[in-house]
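This report concerns only the one structure given below.
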Amino acid sequence: MAETNNFFNDKEFKDNLKRYEDAHTRGLSIYLDTDEYADIAEYYRGKGRIDEAHAVLNEALNIFPDSTTLWTVKARMTLLEGGDVERAYQYISNVGDKDDVEYAYTLAEIMIMDGKEKQADQLLHRRFEQVDDEEREEFKQDVATIYADYEEFDLAKEWFDRLEPNEDNSYKELKGRIALGTGNLEDSENIFQELIDENPYSTSYWNNLAMLQFLKSNFNDSITSSEFSIAINPDDAEAILTKANGLFSLGNYEEALNYFDRYSKLVPDDLSVVMLKGVTLLHLNKPEEALTHFKKAEKMGRHSDSNLPEIYQEIAFTLSQQGRVEEALAYLDKKEKLPNDNHCDTLLLKGHILLENDYLEKAQEVFQEAIRSSDNSPSTFLQIAISVYDCRYVHLAYNLFLSYFKDMGNTCQDGYAYFARCANELGKKKEFAHAVKLACERNPMEAKMVLADLFPEGMSTEEYYPYLLSTNTDERKQK
């Protein structure tokens, strides 16, 4: 499968781009066919020049008003860059030939983004019945690819499993992507390593390898794979973002911020990265700058309630860290008014902010309300204990965890890593070691997240307790 970047380096495309840009510089019009206009628009989109991309399409649509290619590209661009589902529906309705397979593909993509996956799949099944026999394999692979692109991996696998197995690299790549998306990381890694051996200049292969390495918490390997991709294409946004996330996960926040900034120059409207930049700045102890990014995200997210809970939460926490308690609580009040807000979660956030700022009695009242609203849920009690620890009331947190473990009995999976930190800070060495052992056995992910800084860098959770035994004479004697 040809790489997009390779295509944009093709001489014919470069010649068309130069002709187009030279003509515009001189104020002249130029004739290209619909595919050539669409290619230039996609090139601009890849460079983050969205307004110019739409200008190319608008110019072309004045010449070819019924073009399936141009309307589908415009609809997709509107969908992917702005998330404007309604406008994407409007654009796709202008396609003259509703029997064109690209119309069906694009309409299905819009429906997926609109939360109508079932209807999209019904549409594609109906369209499949109209496809000529010799084109059915291509259709199935196209549909599986669309679902993989939109991270609907179960549906992607359903369509992929209907394909005849073959040795084509596009088939292998799709198989690797679906394996990655469904959590089969080892299979996915083997596939992409094999593909890279065949073609070490594919950014797509390196990017997928980097992503699965990231998911396996192999952050250094992930960064290295991303760097190979960036060496091939310095403007590969996916590779730049994966490297940024890897650097962030290693605690290299300054360098991570540089790569988030680099990504934002290519993809300026990615709300999630605006948020990540804010979180990174918090780690760099720059709350005012972080707040600027969170407020920017708030403006960007106003068209969609789905993003606002996280945005309001981050703003509230940032304000709280600055001692601006009333403003912080006001943002949580705004969160509480959103559709489908989880009232108990918001109460827990309010309690945390009050406790963080030493409003002990008010925090206790809010936490008690959270427990009542959750019908005395153990998970709510656990979250309160974690908040109490995070707010540095270590002895109180220690006692809360003991109470939680007593109520949960031997079925308890969570909280031991936090309890271990409490015990460690209170000088209770035996309890610390035992809690580390239980944390690593019952919830290694929590153990890694909470305890990693207490152990040598890169050490796996399986090694935590043996490491303690090797360094703690008293604990060895107990064994």
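Residue numbers are given in the UniProt record's numbering: position 55 of the sequence shown equals residue 55, and the series is strictly consecutive.
Beta carbons: idealized from backbone N, C-alpha and C, even for Gly.
Subject >> Where A88 falls, given that 16 or more other Cβ within 10 Å makes a residue buried >> reply: buried
Subject >> For K18, three-class secondary structure by DSSP >> reply: helix
Original post:
At what residue ranges does the region 180-224 contain a whole run of the alpha helix (DSSP H), taking only runs of 4 or more?
Top reply: 185-198, 203-215
Subject >> Pick from M408, S272, D358, L80 that is closest to L382, judged by C-alpha positions >> reply: Closest by alpha carbon: M408.
**OP:** Determine the closest residue to T280 out of G301, Y253, L266, with distance taken between C-alpha atoms.
**Re:** Selection G301, Y253, L266 evaluated against T280 yields Y253 as nearest (Cα-Cα).
Original post:
Whose C-beta lies closer than 6 angstroms to the C-beta of residue 480 among residues of the same chain, with five residues either side of it excluded?
Top reply: One cannot answer for residue 480 here, as it falls past the ends of the chain, which runs 1 to 479.
Original post:
Rounded to a whole number of angstroms, what is the C-alpha to C-alpha distance between E425 and D453?
Top reply: 14 angstroms
**OP:** Using the Cα positions of M111 and Y150, report the straight-line distance between them to the nearest angstrom.
**Re:** 11 angstroms
Original post:
Which residue spans inside the region 310-377 form an unbroken alpha helix (DSSP H) run of at least 4?
Top reply: 325-336, 343-356, 360-373
Original post:
How should S470 be labelled, buried or exposed, when 16 other C-beta atoms within 10 angstroms of its C-beta is the threshold for buried?
Top reply: exposed
Subject >> Extent of the continuous alpha helix (DSSP H) run through K406 >> reply: 394-408
Subject >> Close-in-space but distant-in-sequence residues of the same chain around R49 (CB under 7 angstroms, 5 per side omitted) >> reply: Close CB contacts of R49 within its chain, under the 7 angstroms cut and outside five residues either way in sequence, are absent.
Original post:
Skipping 5 residues on each side, what residues in its chain have a beta carbon closer than 8 angstroms to that of D264?
Top reply: For clarity, residue 264 is Ser in the given sequence; the question names Asp instead. Closer than 8 angstroms at the Cβ level, and outside the excluded window around S264, lie D270, V273, V274, K277.
Subject >> Close Cβ partners of E59 (< 7 angstroms) along its chain, the five nearest in sequence each way excluded >> reply: none
**OP:** Find out if the Cβ-Cβ distance for the pair I178, A156 is shorter than 7 angstroms.
**Re:** yes
Subject >> Where the alpha helix (DSSP H) through S67 begins and ends >> reply: From DSSP, S67 is part of no alpha helix (DSSP H); its letter is neither H nor E.
**OP:** Would you kindly check if the distance between the Cβ of S67 and the Cβ of L106 is under 7 angstroms?
**Re:** Reading off the sequence shown, one finds Thr at residue 106, where the question assumed Leu. No.
**OP:** Go ahead and label L135 buried or exposed: buried means 16 or more other beta carbons lie within 10 angstroms of its beta carbon, across all protein chains shown.
**Re:** This sequence places Glu at residue 135; Leu is not what is there. Per the 10 Å Cβ criterion, exposed.
Original post:
Exposed or buried, which one is K477 when buried takes at least 16 other CB atoms within 10 Å?
Top reply: With a pLDDT of 47 at K477, under the threshold of 50, the modelled position of that residue is not reliable, and the figure given next carries that caveat. K477 should be labelled exposed.
Subject >> Assigned exposure category for L468 - 16 Cβ within 10 Å defines buried >> reply: buried
Subject >> Cα-Cα separation between C440 and Y464, rounded to whole angstroms >> reply: Answer to the nearest angstrom: the Cα atoms are 8 angstroms apart.
**OP:** Measure the alpha-carbon distance for A328 versus Y312 and round it to whole angstroms.
**Re:** 9 angstroms
**OP:** Given a cut-off of 7 angstroms, decide if E446 and A423 are closer than it, judged by their beta-carbon atoms.
**Re:** no
Subject >> Beta-carbon proximity check, R19 vs I30, cutoff 7 angstroms >> reply: yes
Original post:
To the nearest angstrom, how far is it from the Cα of A210 to the Cα of L247?
Top reply: 12 angstroms
Original post:
What residues in its chain sit with their C-beta under 6 angstroms from that of E189, if we drop five residues either side in the sequence?
Top reply: L212
Subject >> R49 (DSSP reduced to helix, strand or coil) >> reply: coil
**OP:** Using 10 angstroms around the beta-carbon of T242, count the other beta-carbons present and answer buried if the total reaches 16, otherwise exposed.
**Re:** buried
Subject >> For G82, the three-state DSSP class (helix, strand or coil) >> reply: helix
Original post:
What are the complete alpha helix (DSSP H) segments, minimum 4 residues, inside the region 114-180?
Top reply: 117-129, 136-149, 153-160
Subject >> Member of C391, L347, V366, K448 whose CA lies at the smallest distance from the CA of Q321 >> reply: C391
Subject >> Whole-angstrom C-beta distance between A41 and L57, which should lie under 8 angstroms >> reply: 5 angstroms
Original post:
What's the C-alpha gap between D10 and S170?
Top reply: 20 angstroms
Subject >> Close-in-space but distant-in-sequence residues of the same chain around Y147 (CB under 6 angstroms, 5 per side omitted) >> reply: Closer than 6 angstroms at the Cβ level, and outside the excluded window around Y147, lie L155, A156.
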